[in-house]
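**Q** Please read through the structure below; I'll follow up with questions.
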Amino acid sequence: ALTTPTTTSATVPQPARIPERAATPRHFLMCPPTYFDVVYEINPWMDLGVPVDAGRALAQWEHLRATYEAYGHRVEVIDPVPGLPDMVYAANGGVVLGGRALAARFTYPERRPEGVAYEKWFAGADDGVTSLGQAVEQNEGEGDLLLAGDVMLAGTGFRTSRAAHAEVAALLGVEVVTLELVDPRYYHLDTALAVLDGGASPLVAYLPEAFSPASQAVLAERYPDAILATPEDAAVLGLNAVSDGRHVFLTDRATGMHARLRERGFEPVGVDLSELLKGGGSVKCCTLELRPAPATTPTSSP
Ligand code: ARG
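For the sequence shown, the UniProt record's numbering assigns the number 3 to the initial residue and increments by one for each residue that follows.
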């Protein structure tokens, strides 16, 4: 029988409240995959037996860049260097906080010159970016360093060292929370965890089993309402995502993650980066965020 809303409102379960999400414009650095290839294997995704289509990689990358711009974000481009096939994964080039940029120091010799190239770019950037030079400790930039509100979540276990976490805390003046990665497929923090809302009460998505039991406990305590990814979504690098607070840019293959994001009020924006997956990276790997210095408010003298 039909009942009126006034008599049922107390007993009928209300649908979960979907929060209204607000986007803020971002400033990104990207590197075109002009010289992208798989010519060495430094993570389980890379397979010398699988050919790479560089033209296709470039078209997919151009599409990602155009997508960011279509959503109102600003994209800077660093010149690719011949002989550095992984340079397209710009997230690894360093970490920029408050306009201060610390360039990476890579684990593997094949990628080491990238740290120098990104350092040079930071030093030459005219746009409110100050270079702090290259990290002394083994540090793969935003691959392992993800800002969530006012803390820096920092991965270790495969690439970035614990000593690097301490260096980042000291040089960038930020609280660092160390998280230990245990699955070689999820060798960088940004393959196992995504920051969806970096505001006052941060929201993250992650794959619990990619972390040590102790780090799982840290994440559960800090982020009780986090989105827990499925192994299927993680396995297509569905956690390698970039969020502007409302739109979440991620692979179109992570369909389960798209659904979960919608449930939480986000708008998933799917992109195809299948060629770049062959190097072990997706959307976030291709994107370094240039976080500006806090705007100085003019103060009147006393
Ligand atoms: N082939 C690269 C490496 O193994 C991929 C880097 C992916 N970048 C990232 N931010 N997860 O170093």
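Built from N, CA and C at the ideal position, the CB exists for glycine as well.
So what does DSSP say about D199, is it helix, strand or coil?
**A** Of the three classes helix, strand and coil, the one that applies to D199 here is strand, per DSSP.
**Q** Give every residue of the same chain whose Cβ lies closer than 7 Å to the Cβ of R67, excluding the five residues on either side of it in the sequence, and list them in chain order.
**A** Only M32 and V77 meet the Cβ criterion.
**Q** Are L241 and A207 closer than 8 Å when you measure CB to CB?
**A** Cβ atoms of L241 and A207: closer than 8 Å.
**Q** Looking at A72: is its Cβ nearer than 8 Å to the Cβ of F38?
**A** It is not a contact, given that the beta carbons lie outside the stated cut-off.
**Q** Excluding sequence positions up to five away, which residues of its chain have a Cβ less than 8 Å from the Cβ of G200?
**A** Excluding residues within five positions, the ones whose Cβ falls inside 8 Å are L149, A150, G151, S245 and G247.
**Q** Reducing DSSP to helix, strand and coil, say where R76 ends up.
**A** Note: R76 maps to strand in three-state DSSP.
**Q** Secondary structure at P270, three-state DSSP: helix, strand or coil?
**A** Residue state, collapsed to three classes: strand.
**Q** Check this for me: beta carbons of A93 and D192, under 8 Å apart or not?
**A** Result yes, Cβ atoms of A93 and D192 sit closer than 8 Å.
**Q** Between which two residues does the beta strand (DSSP E) carrying E182 extend?
**A** Where E182 is concerned, the enclosing beta strand (DSSP E) stretches over E177 to E182.
**Q** Using a Cβ-based criterion (distance less than 7 Å to any ligand heavy atom), does K122 qualify as near ligand 1?
**A** It does not: the Cβ of K122 is nowhere closer than 7 Å to a heavy atom of ligand 1.
**Q** First and last residue of the alpha helix (DSSP H) that includes G157?
**A** First-last for G157: V153 to T158, but that is the beta strand (DSSP E), not the alpha helix (DSSP H).
**Q** One question on the structure: do F160 and L183 come within less than 8 Å of each other, judged by their Cβ atoms?
**A** For F160 and L183, yes; Cβs fall inside 8 Å.
**Q** Please give the ranges of any beta strand (DSSP E) in the stretch 22-62, keeping only runs that are unbroken, at least 3 residues long and fully inside the region.
**A** For the stretch 22-62, whole beta strand (DSSP E) runs of length 3 or above, ordered along the chain, are 29-32.
**Q** What residue does the alpha helix (DSSP H) around Q218 start on, and which one ends it?
**A** From DSSP, the alpha helix (DSSP H) with Q218 extends over P215 to R224.
**Q** To the nearest angstrom, how far is the alpha carbon of K286 from that of D274?
**A** Distance between the alpha carbons of K286 and D274 is about 13 Å.
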